[in-house]
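If you're matching them up, the sequences are chains A and B in order.
Numbered according to our numbering, the first sequence spans residues 1 to 186.
Numbered according to our numbering, the second sequence spans residues 1 to 186.
Using N, Cα and C, we set each Cβ at its ideal position, and we do this for glycine too.
Predicted, not measured: the structure shown is a model, and the values here were computed from it.
Data first, discussion second: the structure below is written as structure tokens.
Number of protein chains: 2
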Amino acid sequence: MTTKRDAIIDSACHLIEVQGYHATGINQILEESGAPKGSLYYYFPEGKEGLASEAIERSSRLIESRIREVIAHGVDPAEGIRSFFVLLSERIEASDFRHGGPLTSVAVEAASTNERLRSACRNAYARWQEAFADRLREQYDDERAASLAALIVSALEGAIILSRSERNVAPLLAAGRELERLIRSG
Amino acid sequence: MTTKRDAIIDSACHLIEVQGYHATGINQILEESGAPKGSLYYYFPEGKEGLASEAIERSSRLIESRIREVIAHGVDPAEGIRSFFVLLSERIEASDFRHGGPLTSVAVEAASTNERLRSACRNAYARWQEAFADRLREQYDDERAASLAALIVSALEGAIILSRSERNVAPLLAAGRELERLIRSG
DNA sequence: GTCTATACTATGATAGAC
DNA sequence: GTCTATCATAGTATAGAC
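Right under this line is the structure:
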């Protein structure tokens, strides 16, 4: 029932992450998902915007759970956060730098144009920050934890962009290393 | 002679920064620049890609000089870098969050598609990192300065994205504050 | 009632005619 | 040096098949 709809969202998640929002056409999403062209407006009456909105929601939830999972494993927040950056760099390298951040392109391309998508990105970033802040509160007060979490998410997004541009994970690893040091030293 | 060509590049810089790469059409660039419709291929035989490439070059040089100028004024590297983030936040807020990073959209949208533009972005980011690293070498050895510079540029790009998504400069200010602390504490 | 195929309109980049 | 034509493809919408 909802399985074909799901497949469309999955394809949208994937293609938007790899190619960007505007570069990803609706027919390409339909094609990759195996759904025939034109059935989009049955599943997504609001068109590309509605689909992208759901794709952002799904992608960002997945990342949020990964953040929580990985940083929980570190003996302390600093190590956990470093691990997350390392894991991310492995994933991006393994895809030959095709993968990036699942939100980034939408946040960049739709930030000043589309209120709904901007809002979806804002919420997603807020959840990620909260995931980091939750662990950081072991060591810091609320305000400082929030401030550090904001830096972490910013560095995350930026380092992915730099690493893809360089086709080299060095920026991601440098960010992880420096953030670990910052968090450890207080 | 070259003044109309220049105007086209300026418009491209502006529109790409505000709207993104794919969202910016050639005719819109021509229109804003006042150049006659269709005259793009006279000035830029390589089309949109060639124009974008020059726009990236120009924008990134401008930012590089701003980086060098602002961080030179701080009494120490930490303060200079913090100032740069504050200045950036003021500029973005003043534009009602329309402005962003001039490279970001191209780096995100063309990273996995267009080799030439990817390369142009890579070079630009390298120059920015070098600008920060130059000042950081007052205080750190080469390797550490490079590592910190990578984090700074990553945080810069990411914090702009977050701030635009939130329509709030808090992420930029948090990043500046935390980076200042990191650099100061060693 | 659920889903699919085809058609429509607008606009993109581009290139050749003036 | 400039403008108009071309061609592809985007997103959208609807009418009909199952």
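inquiry  = For a test of the three-state rule: what should DSSP assign to Glu-138 of chain A, helix, strand or coil?
reply    = Along the first sequence, read from residue 1 onward, the residue named residue 138 of chain A stands at position 138. The answer is coil: DSSP assigns Glu-138 of chain A none of H, G, I, E or B.
task = Determine, using beta carbons only, whether Val-18 of chain A comes closer than 8 Å to chain B.
result = In the first sequence, counting from the first residue as 1, residue 18 of chain A sits at position 18. Taking Cβ atoms only, chain B reaches closer than 8 Å to Val-18 of chain A, which makes this a yes.
contact_flag[the stretch 74-86 of chain B, the stretch 32-44 of chain B] where n(CB pairs < 8 Å) is 3 or more = As far as the Cβ criterion goes, the stretch 74-86 of chain B does not touch the stretch 32-44 of chain B, which means the pair count is below three.
query = Roughly how many whole angstroms lie between the Cα atoms of Arg-227 of chain A and Cys-13 of chain A?
reply = Outside the modelled stretch of chain A, which goes from 1 to 186, sits residue 227 of chain A, for which no answer is possible.
task = Just the chain A side, please: which residues come within less than 9 Å of Gly-100 of chain B by C-beta, in chain order?
result = Residue mapping note: residue 100 of chain B aligns to position 100 of the second sequence, counting from 1. Neighbours of Gly-100 of chain B across chain A, judged by C-beta separation under 9 Å: Val-108, Ala-111 and Ser-112.
query = Under a three-way DSSP split, which group does Ala-35 of chain B fall into?
reply = As a first step, residue 35 of chain B is located in the second sequence; it is residue number 35 there, counting from the start. Here Ala-35 of chain B sits in coil by DSSP.
message = Tell me which residues of the stretch 48-81 of chain B have at least one Cβ-Cβ distance to chain A shorter than 8 Å, keeping chain order.
response = Sequence-ordered contacts of the stretch 48-81 of chain B with chain A are nonexistent [C-beta pairs closer than 8 Å].
request  = Kindly list the residues whose CB is nearer than 8 Å to the CB of Leu-173 of chain A, restricted to its own chain and excluding five residues on each side of it in sequence; keep chain order.
outcome  = Taking the first sequence and counting its residues from 1, the one referred to as residue 173 of chain A is at position 173. Correct list, in chain order: Phe-85, Val-86 and Ser-89.
inquiry  = Rounded to the nearest angstrom, what separates Tyr-125 of chain A and Ser-165 of chain B at their Cα positions?
reply    = Mapped onto the first sequence, residue 125 of chain A falls at position 125. Mapped onto the second sequence, residue 165 of chain B falls at position 165. When the Cα atoms are used, Tyr-125 of chain A and Ser-165 of chain B turn out to be separated by approximately 9 Å.
Any alpha helix (DSSP H) of 4 or more consecutive residues that is wholly inside the stretch 9-63 of chain A = The stretch 9-63 of chain A contains these whole alpha helix (DSSP H) runs: 26-33 and 40-43.
request  = Throw me the rounded Cβ distance for the Gly-158 of chain A and Gly-20 of chain B pair, which I believe falls under 8 Å.
outcome  = Counting from one through the first sequence, the residue named residue 158 of chain A turns up at place 158. Counting from one through the second sequence, the residue named residue 20 of chain B turns up at place 20. No, Gly-158 of chain A and Gly-20 of chain B are not in contact; Cβ-Cβ is about 17 Å, not under 8 Å.
query = Taking a cut of 7 Å between CB atoms, which residues from the stretch 135-168 of chain A lie near chain B?
reply = Result list: Ser-147, Leu-148, Ala-150, Leu-151, Val-153, Ser-154, Ala-155, Leu-156, Glu-157, Gly-158, Ala-159, Ile-161, Leu-162, Arg-164, Ser-165 and Glu-166.
key: When A:Gly-80, A:Ser-163 and A:Ala-72 are compared against Gly-101 of chain A, the one with the closest alpha-carbon   = The residue given as residue 101 of chain A occupies position 101 in the first sequence. Looking at the Cα atoms, A:Ser-163 is the closest of the given residues.
key: Cα-Cα separation, Glu-69 of chain A to Ala-170 of chain B   = Here residue 69 of chain A is taken as the residue at index 69 of the first sequence, counted from 1. Here residue 170 of chain B is taken as the residue at index 170 of the second sequence, counted from 1. C-alpha of Glu-69 of chain A to C-alpha of Ala-170 of chain B: approximately 27 Å in a straight line.
query = Cβ of Arg-184 of chain A less than 8 Å from any chain B Cβ?
reply = In the first sequence, the residue the question calls residue 184 of chain A occupies position 184. Not closer than 8 Å to any Cβ of chain B, the Cβ of Arg-184 of chain A fails to qualify, so no.
task = Could you check the C-alpha separation between Trp-192 of chain B and Ser-65 of chain B for me, to the nearest Å?
result = Outside the displayed range of chain B (1 to 186) lies residue 192 of chain B, so it cannot be described from this structure.
inquiry  = Is it buried or exposed, Ser-185 of chain B, if we count other Cβ atoms within 10 angstroms and call 16 or more buried?
reply    = Your numbering for residue 185 of chain B matches position 185 in the second sequence. Counting the other CB atoms within 10 Å of its CB gives Ser-185 of chain B a total below 16, which places it among the exposed residues.
CA-to-CA distance, Glu-138 of chain A to Ile-56 of chain B, given in whole angstroms = Here the question's residue 56 of chain B lines up with position 56 in the second sequence. Here the question's residue 138 of chain A lines up with position 138 in the first sequence. As the crow flies, the alpha-carbon of Ile-56 of chain B is around 43 Å from that of Glu-138 of chain A.
key: For Phe-97 of chain B, the three-state DSSP class (helix, strand or coil)   = Position 97 of the second sequence, counted from the start, is the residue given in the question as residue 97 of chain B. Three-state DSSP puts Phe-97 of chain B in coil, outside helix and strand.
query = Apart from the five residues on each side of it in sequence, which residues of its chain come closer than 6 Å, Cβ to Cβ, to Lys-4 of chain B?
reply = Position 4 of the second sequence holds residue 4 of chain B. Here the set comprises Ala-35.
key: Under the three-state DSSP convention, the category Gly-80 of chain B falls into   = Walking along the second sequence from the start, residue 80 of chain B turns up at place 80. Correct three-state label for Gly-80 of chain B: helix.
ask   = In chain A, which residues lie with their C-beta within 7 Å of the C-beta of Glu-178 of chain B?
value = Locating residue 178 of chain B in the second sequence gives position 178, counting from the first residue. By Cβ distance, chain A contributes Ser-147, Leu-148, Leu-151 and Leu-182.
key: Cβ-based neighbour list, Leu-148 of chain A, same chain, cut-off 8 Å, excluding 5 preceding and 5 following   = Within the first sequence, the letter at position 148 stands for residue 148 of chain A. Closer than 8 Å at Cβ, skipping near neighbours: Phe-132, Ala-133, Leu-136, Tyr-140, Leu-182 and Ile-183.
task = Using three-state DSSP, classify Pro-171 of chain B as helix, strand or coil.
result = On the second sequence, position 171 is the one that residue 171 of chain B refers to. Helix.
query = Going straight from the alpha carbon of Ala-94 of chain B to that of Ser-83 of chain A, what length do you get?
reply = Residue numbering aside, residue 94 of chain B sits at position 94 when the second sequence is read from its first letter. Residue numbering aside, residue 83 of chain A sits at position 83 when the first sequence is read from its first letter. When rounded, the distance between both Cα atoms is 38 Å.
key: Simplified DSSP assignment, three categories, for Val-153 of chain A   = Locating residue 153 of chain A in the first sequence gives position 153, counting from the first residue. DSSP places Val-153 of chain A in the helix class (H, G or I) of the three-state scheme.
request  = Taking 8 Å as the cut-off, decide whether the C-beta atoms of Thr-104 of chain A and Ala-23 of chain B are in contact.
outcome  = Your numbering for residue 104 of chain A matches position 104 in the first sequence. Your numbering for residue 23 of chain B matches position 23 in the second sequence. No; because the gap between Cβ atoms is not below 8 Å, this pair is not in contact.
key: Enclosing alpha helix (DSSP H) for Val-106 of chain A [first to last residue]   = Counting from one through the first sequence, the residue named residue 106 of chain A turns up at place 106. Secondary structure note for Val-106 of chain A: its alpha helix (DSSP H) is the uninterrupted segment 104-110.
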